[in-house]
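To start, the structure under review is shown below, and the notes come after it.
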Amino acid sequence: MSIGTVAEITKAVEAIDYQSAHRFEVIESVAFDTRKLGPNSLFVPLQGQTDGHDYIEQAIQAGATAVLWGKQDVTPPDGICAIWVDDPLQAFQKLAKWYLEKVSPRIVGITGSSGKTTTKDMTAAALGARYRVYKTQGNFNNDIGLPQTILDMPESTEALVLEMGMSDFHEIEFLSKLARPEVVAITLIGESHMEQLGSKEGIAKAKLEILSGLQENGTFIYPAHEDLITAGIAQAEKPTNFKIVTVGEGSKELSARNIELYSDHTAFELVTPTETVEVTLPVLGAYNVSNALLAIEIARTLDVPLSDIVSALANFELTKNRTQWVKGQNGVAILNDAYNASPIAMKSVIKSFVSVEATGRRVLVLGDIRELGEHSKELHASISEVISPSEVALVYLYGEEMEALYDALKDQFDSTALHHYMDKEALIADLKAELKEGDQVLIKSSNGTGLLAVVDALKAE
Numbered sequence: 003m004s005i006g007t008v009a010e011i012t013k014a015v016e017a018i019d020y021q022s023a024h025r026f027e028v029i030e031s032v033a034f035d036t037r038k039l040g041p042n043s044l045f046v047p048l049q050g051q052t053d054g055h056d057y058i059e060q061a062i063q064a065g066a067t068a069v070l071w072g073k074q075d076v077t078p079p080d081g082i083c084a085i086w087v088d089d090p091l092q093a094f095q096k097l098a099k100w101y102l103e104k105v106s107p108r109i110v111g112i113t114g115s116s117g118k119t120t121t122k123d124m125t126a127a128a129l130g131a132r133y134r135v136y137k138t139q140g141n142f143n144n145d146i147g148l149p150q151t152i153l154d155m156p157e158s159t160e161a162l163v164l165e166m167g168m169s170d171f172h173e174i175e176f177l178s179k180l181a182r183p184e185v186v187a188i189t190l191i192g193e194s195h196m197e198q199l200g201s202k203e204g205i206a207k208a209k210l211e212i213l214s215g216l217q218e219n220g221t222f223i224y225p226a227h228e229d230l231i232t233a234g235i236a237q238a239e240k241p242t243n244f245k246i247v248t249v250g251e252g253s254k255e256l257s258a259r260n261i262e263l264y265s266d267h268t269a270f271e272l273v274t275p276t277e278t279v280e281v282t283l284p285v286l287g288a289y290n291v292s293n294a295l296l297a298i299e300i301a302r303t304l305d306v307p308l309s310d311i312v313s314a315l316a317n318f319e320l321t322k323n324r325t326q327w328v329k330g331q332n333g334v335a336i337l338n339d340a341y342n343a344s345p346i347a348m349k350s351v352i353k354s355f356v357s358v359e360a361t362g363r364r365v366l367v368l369g370d371i372r373e374l375g376e377h378s379k380e381l382h383a384s385i386s387e388v389i390s391p392s393e394v395a396l397v398y399l400y401g402e403e404m405e406a407l408y409d410a411l412k413d414q415f416d417s418t419a420l421h422h423y424m425d426k427e428a429l430i431a432d433l434k435a436e437l438k439e440g441d442q443v444l445i446k447s448s449n450g451t452g453l454l455a456v457v458d459a460l461k462a463e
């Protein structure tokens with residue numbers, strides 16, 4: 003793999019100066035993490051909790067050939083080619099944009115309050131039926147992660163699927179204008195980041211920033227029932243000419259019917275204006291049907307035959323920790339969805355979880371949802387709408403914000419069936435003592451709440 007020569011990179015990042023003796027050396031990879039560097043690599047020393055410039059010796063030892071050096075008053079050590087820049091992060095982003103234009107794949111941008119990663123995985127699988135595809139790895143979806151994703155992309159890539167995340171206004175705008183996607187999609191508008199954005203209308207406005215970088219004559223795809231998106235399009239920055247396609251309930255283009263839920267897969271009939279097709283997804287949840295509809299329409303827009311899309315989706319692989327069954331100790335089945343959460347996503351996965359036939363008890367382990375601001379208590383309490391003692395035997399709640407859900411449920415559940423914890427080790431100990439063969443356990447929370455530690459503690463050896 004070749005990113006470019008030192009001379010090409012110097013021009014791309016609009017460097018102040020560089021050591022021209024190295025101009026013909028070829029850079030094969032770029033990283034801001036010294037652990038990811040190798041021979042012939044470019045080190046990007048970013049400023050975070052620590053200053054990346056302090057790790058220059060580790061970069062040299064790892065094999066880095068060059069560095070985007072941002073300290074004008076400090077000379078970098080011998081053994082590495084310095085490319086002097088005003089700001090290493092901005093130079094990193096410029097380099098990503100240049101490399102993206104060099105490789106010139108078809109580009110898809112995906113955002114939304116939840117479902118981004120699953121939709122990305124489905125889209126990459128569907129496009130893989132026709133193209134050599136690269137996609138965002140893990141959750142590298144911000145102003146650092148997206149450029150890194152682009153620069154990790156093989157030169158042979160024909161289609162690039164980019165997840166775009168945000169926590170405030172103008173963040174998706176920046177990502178979209180950097181990537182310049184041909185197709186963009188919004189999964190849904192939920193309550194994530196309500197603390198920063200103030201309202202669901204604010205969240206919709208921030209998500210619609212993805213239109214700002216959409217290519218002229220590009221395509222925008224979203225669920226037909228998302229009224230806040232429909233209402234917000236007129237005010238959004240967008241291309242002069244672009245196509246809007248809606249999917250799901252209320253759409254004339256693409257919808258689903260006869261959804262059937264099973265413990266390890268979901269089946270439905272896909273309805274288009276000209277045909278009806280059986281689709282099987284290797285994941286749990288009616289909410290994943292909406293994600294699949296977006297992925298299908300994205301792939302159709304990029305000229306992948308529908309039969310190939312359906313075959314690809316039957317075997318797609320999810321990013322780790324996204325609604326996956328894990329074998330627990332003593333014959334317990336764990337549905338691990340502890341990486342991310344919003345109120346709407348938590349409700350959706352609970353509804354799907356309780357709709358699947360269970361031989362043992364259904365157990366909920368729910369942790370705090372982050373960044374809900376002044377609405378946090380009422381939104382946590384609202385999750386009680388989908389929790390019933392007739393469907394769930396035991397409820398374990400963890401975190402300060404989950405006290406609101408505990409209060410909302412305590413009149414419905416016996417005190418032996420409803421528990422609230424602030425101590426994670428106590429939660430783990432009680433779960434280990436209580437769970438038995440045949441139990442099905444859903445573990446759902448925001449990543450920052452730390453319930454992945456509970457999953458790890460309960461997993462089979």
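Number 231 in the working numbering belongs to position 229 of the sequence shown; there are no gaps in the numbering. Beta carbons are placed, not taken as given, at the ideal position from N, Cα and C, and that holds for glycine.
| Asked | Found |
| --- | --- |
| State the Cα-Cα distance for the pair Leu437 and Thr119, rounded to the nearest angstrom. | 30 Å |
| Tell me whether Ala462 is buried or exposed, calling it buried when 16 or more other Cβ atoms sit within 10 Å of its Cβ. | exposed |
| Got a sec? Which residues, its chain only, sit under 6 Å from Asp441 by beta carbon, not counting five neighbours each side? | Val334, Gly362, Arg363 and Val365 |
| Three or more C-beta pairs closer than 8 Å, one from the region 196 to 213 and one from the region 229 to 244: is that the case here? | yes |
| For Glu2, collect the residues of the same chain with a Cβ closer than 8 Å to its Cβ; drop the 5 residues on either side in sequence, then sort them by chain order. | The question about residue 2 has no answer, for the chain in this structure spans 3 to 463. |
| Where does Thr276 sit, in a helix, a strand or coil, going by DSSP? | coil |
| Please list the terminal residues of the continuous beta strand (DSSP E) segment that includes Leu213. | Per DSSP, Leu213 belongs to no beta strand (DSSP E) and is neither H nor E. |
| Please classify Met3 as buried or exposed, where buried requires at least 16 other C-beta atoms within 10 Å of its C-beta. | exposed |
| Among Glu160, Asn290 and Glu175, which one has its Cα closest to the Cα of Ile167? | In the sequence as presented, Ile is not what sits at residue 167; that position holds Gly. Comparing Cα positions, the closest option is Glu175. |
| Under the rule that 16 or more other beta-carbon atoms within 10 Å means buried, what is Pro183, buried or exposed? | buried |
| Which residue from Ala431, Lys38, Ala126 and Leu44 puts its Cα closest to that of His24? | Leu44 |
| Have a look at Ile58, Ala459 and Gln63 and flag the residue whose alpha-carbon is nearest the alpha-carbon of Gly330. | Ala459 |
| Looking at the unbroken alpha helix (DSSP H) that takes in Pro90, where does it start and where does it end? | Pro90 to Val105 |
| Does the beta-carbon distance from Asn260 to Phe244 come in below 8 Å? | no |
| So Lys96 and Ala187 are supposed to be a Cβ contact under 8 Å. How far apart are they, rounded? | That pair is no contact at about 26 Å. |
| If you follow the alpha helix (DSSP H) that Ala297 is in, where does it begin and where does it stop? | Tyr289 to Thr303 |
| Quick one: which unbroken alpha helix (DSSP H) runs of 4-plus residues sit fully inside the region 385 to 453? Chain order, please. | 405 to 411 and 426 to 436 |
| DSSP puts Ala340 in a beta bridge; with which residues? | In the DSSP output, where bridge partners are listed per residue, Ala340 has none listed. |
| Taking C-alpha atoms, which residue in Gln49, Leu315 and Met124 lies nearest to Ala93? | Gln49 |
| For Val76, which residues of its own chain have a beta-carbon under 8 Å away from its beta-carbon, when the five flanking residues on both sides are left out? | His55 |
| Nearest to Ala294 by alpha carbon, out of Val312, Lys353, His377 and Thr113? | Val312 |
| Look at Asp310 and Leu444 and say whether their C-beta atoms are less than 8 Å apart. | no |
| Any idea if Ser31 is buried or exposed, counting beta-carbon neighbours within 10 angstroms, 16 or more meaning buried? | buried |
| Contact between the region 338 to 355 and the region 296 to 309: three or more CB pairs below 8 Å? | no |
| Which same chain residues end up closer than 7 Å to Gly111 when comparing Cβ atoms and leaving out the 5 residues on each side of it in sequence? | Leu164, Met166, Ser178, Ala181, Pro183, Val186 and Ile212 |
| Given this structure, state the Cα-to-Cα distance separating His382 from Leu453, to the nearest angstrom. | 17 Å |
| Tell me the rounded alpha-carbon separation between Glu160 and Asn143. | 20 Å |
| Assign Thr276 to one of two classes, buried (16 or more other C-beta atoms within 10 Å of its C-beta) or exposed (fewer than that). | exposed |
| Assuming contact is defined by CB atoms lying nearer than 8 Å, are Ala258 and Ala127 in contact in what I supplied? | no |
| Taking only the alpha-carbon atoms, compute the straight-line gap between His377 and Gly215 and give it to the nearest angstrom. | 31 Å |
| One question on the structure: do Pro107 and Leu153 come within less than 8 Å of each other, judged by their Cβ atoms? | no |
| Taking C-alpha atoms, which residue in Phe318, Asn332, Lys254 and Leu304 lies nearest to Thr268? | Phe318 |
| Quick one: what does DSSP say Lys461 is sitting in, helix, strand or coil? | strand |
| Which residue wins for smallest C-alpha separation from Glu157, given the options Lys434, Arg134 and Ser392? | Arg134 |
| Kindly list the residues whose CB is nearer than 6 Å to the CB of Gly192, restricted to its own chain and excluding five residues on each side of it in sequence; keep chain order. | Ser115, Ser116, Ser344 and Ile346 |
| Residues bridged to Ser245 by DSSP? | Sequence check: residue 245 is Lys here, not Ser. DSSP output for Lys245 lists Thr221 as bridge partner(s). |
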